[in-house]
Amino acid sequence: IGPPQDGSGNIVSPGINDDGTCSNGWICEHRWRQIFNMVGFRNVAAGTTITNWWSNNDQQIAFSRGNKGFVAFTNGGDLNQHLQTGLPGGTYCDIISGDISNGSCTGKTVNVGSDGYADISLGINEDDGVLAIHVNAKL
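Here's what the structure looks like:
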């Protein structure tokens, strides 16, 4: 196991497909939307503390990173909660399920009220079981 190699044991360079995925046996997880966008989340939320911690004690948690970001996770059933995000009111693009493109979100959106609360929904059958929003993902 290890990086892809040719018949002589030399490491094969990754190729990049038109859709941004890698070829030549490489996976390139850092190019996956979810991973790439969470690097952006980290950059936005850097220097903030964890606030508004929530857990149902059954494999579901959520928390905000100060007033810069909010993330929710489920690994145990559907998550449907009215939670404090710590974010300013507005509509945000969930950076796990989509990207901002031409002022719209290609994935799910989250409406945060002026009080910072939002209805957070994550289905156990969704691809990722994670939802993440931050101030730079406000539409």
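In this text, residue positions in the sequence shown follow our numbering: the first is 192, and each later residue adds one. Where a beta carbon is used, it is the ideal one built from N, C-alpha and C, also for glycine.
query: Below 6 Å CB to CB, which residues in the same chain sit around A328 once its five sequence neighbours on both sides are set aside?; result: Y283, C284, I286
query: Going by the DSSP bridge assignment, what does A323 pair with across the sheet?; result: V262
query: At what residues does the beta strand (DSSP E) containing Q272 begin and finish?; result: 270–275
query: Between the stretch 204–216 and the stretch 232–242, are three or more C-beta pairs nearer than 8 Å?; result: no
query: N243 by DSSP, collapsed to three states: which one?; result: strand
query: Mind checking whether the beta-carbon of D197 lies closer than 7 Å to any heavy atom of the ligand GDP?; result: Because no ligand of any kind appears in the structure shown, any question about the ligand GDP cannot be addressed here.
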